[in-house]
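One structure below.
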């Protein structure tokens, strides 16, 4: 539930008081940096627009040197560089460029925070649409919905087939103990987000911690937040044009990606509580897409990953999303969220916990 490289096909303009630069992006400083490091991109006056809709990193459409690029930088005022690691995102999309995983072309990484106030990187804009609302998916035909879901699974299988060593990512993470670390990480986030009683969530945490599998599939490249609205897609023909939002990528157990995807798809997407909600609107069988079982079958047919212990990973996905939703609910009660749909996110925590408990008991 993090910010992808582009959320909406049409950017919205947000200008600073100088009338030229969008908030968080000083075009004068950027132009001088490009003139020194990429003069081919500094031949024309720079123009930029903030792409709205994300919840984490800031993303801009940049027109430079006759090209359309996307610029990614951490949010304003951030203090934890590890939570918004631009170099990490740039590295993984650069490494995956020659593979079958569709990613935007990486153009330039700037690690110097003095240029824009934080590190940033540039990548080429990928034509396509991010499907993130029921309004968008309702206009698709049944054939397009099926094709889009299958393309989504083919792309995930392609990612998990990539050998990290072959693309220079052998040291991209620590596969050993990945699942146990995930439980600890989200348990810590839970402790920082508590503002009300949450029946069952501590039991779910404890059961996950006590039953974490060895990770028989460990050592693959894991996206960390793989779902439909982190993809750029086309529907004529149906293709995944680009996988976005790699800030949580690492080496770990690929079933973590599959379990989280199914949590979005069926646990949230299968419940009317997600209708109109920015977390899971327009997903899953209720929106006319194939069932989770069909997604699993497609993935299993195209990857060498053992999907046997999937119940535990779905339980982990439920715990993770419950913690995230509770954090958003907490910020909403404090008046720290912007946009619509946040008033009902807190209602999603209890169903996620209940489903997670059922899944971890089945595992």
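Numbering (the UniProt record's numbering), first residue to last: 1 to 363.
For each residue, glycine too, the CB sits at the ideal point set by N, CA and C.
- The alpha-carbon of residue 311 is positioned some 13 Å away from that of residue 261.
- In terms of Cα proximity to residue 165, the closest of 114, 155, 221 is 221.
- Distance from the Cα of residue 71 is smallest, within the candidate group 50, 186, 309, 238, for 50.
- Counting the other CB atoms within 10 Å of its CB gives residue 212 a total of 16 or more, which places it among the buried residues.
- Per the Cβ contact rule, the segment 165–177 is in contact with the segment 235–254 (3 or more Cβ pairs under 8 Å).
- In this structure, residue 179 places its C-beta atom within 8 Å of the C-beta atom of residue 215.
- Annotation: the continuous beta strand (DSSP E) that includes residue 252 extends over 250–252.
- Look at the beta carbons and you see the segment 185–205 not touching the segment 294–314: under three pairs across the two are nearer than 8 Å.
- Going by DSSP, residue 342 is part of no alpha helix (DSSP H) at all; its letter is neither H nor E.
- In the structure shown, residue 120 adopts extended strand secondary structure according to DSSP, grouped into three states.
- In this structure residue 225 is buried. Its beta-carbon is surrounded by 16 or more other beta-carbon atoms within 10 angstroms.
- Check the Cα spacing between residue 362 and each of 198, 207, 132, 152: the tightest is with 207.
- Rounded to the nearest angstrom, the Cβ distance from residue 258 to residue 223 is 10 Å, too far for a contact under 8 Å.
- C-alpha of residue 322 to C-alpha of residue 264: approximately 11 Å in a straight line.
- In the three-state reduction of the DSSP assignment, residue 108 falls in the strand class, which pools E and B.
- Separation of the CB atoms of residue 346 and residue 234 is rounded to 35 Å, and the pair is thereby denied contact status at 8 Å.
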